[in-house]
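Quick notes on the structure that follows.
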Amino acid sequence: MMIQLAGWQQSRRVVILRRLLKENLIAIREEKGKLEFAFVDRRQTKVYEYAVLVTDISEGILSVAQLYRDRADAENGFDEIKNQWGWGGYTTRGLARCRLSAREPT
């Protein structure tokens, strides 16, 4: 399927993927101000995971799905390095705290 949203210079391909989930799910719902767990009985309900990809790649659907899956795996590593390990810089405005955080251990 091709779409062109307002502000886009050209139309783009949209790939919608659906995968049947195999593991049991627990949904949370709120009733009378309390949170409750609602277990999904997979014998009665089929539960799917959806992914919508917007791309300009003209390969087959399975190839596009694998390329985006591989890309997400690679980007997760960079995200962890940048955000979880603090390599993206320090976010405090206090110069003294930044210097303390960046100081080498003695």
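Read in order, the letters of the sequence shown correspond to residues 7 to 112 in the numbering used here.
Here a beta-carbon is modelled for each residue, glycine too, at the ideal position from N, C-alpha and C.
Which residue from the options puts its Cα closest to that of residue i?
i     : options                     : result
Leu26 : Lys40, Glu42, Lys52         : Lys52
Val60 : Leu73, Asp79, Gln50, Glu86  : Leu73
Arg49 : Lys38, Tyr56, Glu29, Glu65  : Glu29
Met7  : Arg77, Leu101, Ile67, Glu86 : Ile67
Val58 : Val21, Leu11, Glu81, Leu101 : Val21
Specify the secondary structure class of residue i as computed by DSSP and reduced to three states.
i      : result
Ile67  : helix
Lys114 : Because the chain is modelled from 7 through 112, residue 114 falls outside the range shown and cannot be assessed.
Arg136 : The requested residue 136 does not occur in the structure, where the chain is confined to residues 7 to 112.
Arg35  : strand
Grab the span of the beta strand (DSSP E) containing residue i for me, first residue to last.
i     : result
Val20 : 18 to 26
Leu11 : It is not in any beta strand (DSSP E) - Leu11 carries neither H nor E in the DSSP assignment.
Val58 : 54 to 61
Enumerate in chain order the residues of its own chain whose CB-to-CB distance from residue i is below 8 Å, with the five nearest sequence positions on each side excluded.
i      : result
Ile36  : Just to set this straight, residue 36 is Glu in the shown sequence, not Ile. Within the same chain, Glu36 has close Cβ partners Glu42.
Arg77  : none
Leu101 : none
By Cβ distance, which residues of its chain are closer than 7 Å to residue i, with the 5 residues on each side in sequence left out?
i     : result
Asp62 : Arg18, Arg19
Ile9  : Ser17, Arg18, Val20
Below 6 Å CB to CB, which residues in the same chain sit around residue i once its five sequence neighbours on both sides are set aside?
i     : result
Ala71 : Leu23
Gly13 : none
Glu55 : Arg25, Leu27
Ser64 : none
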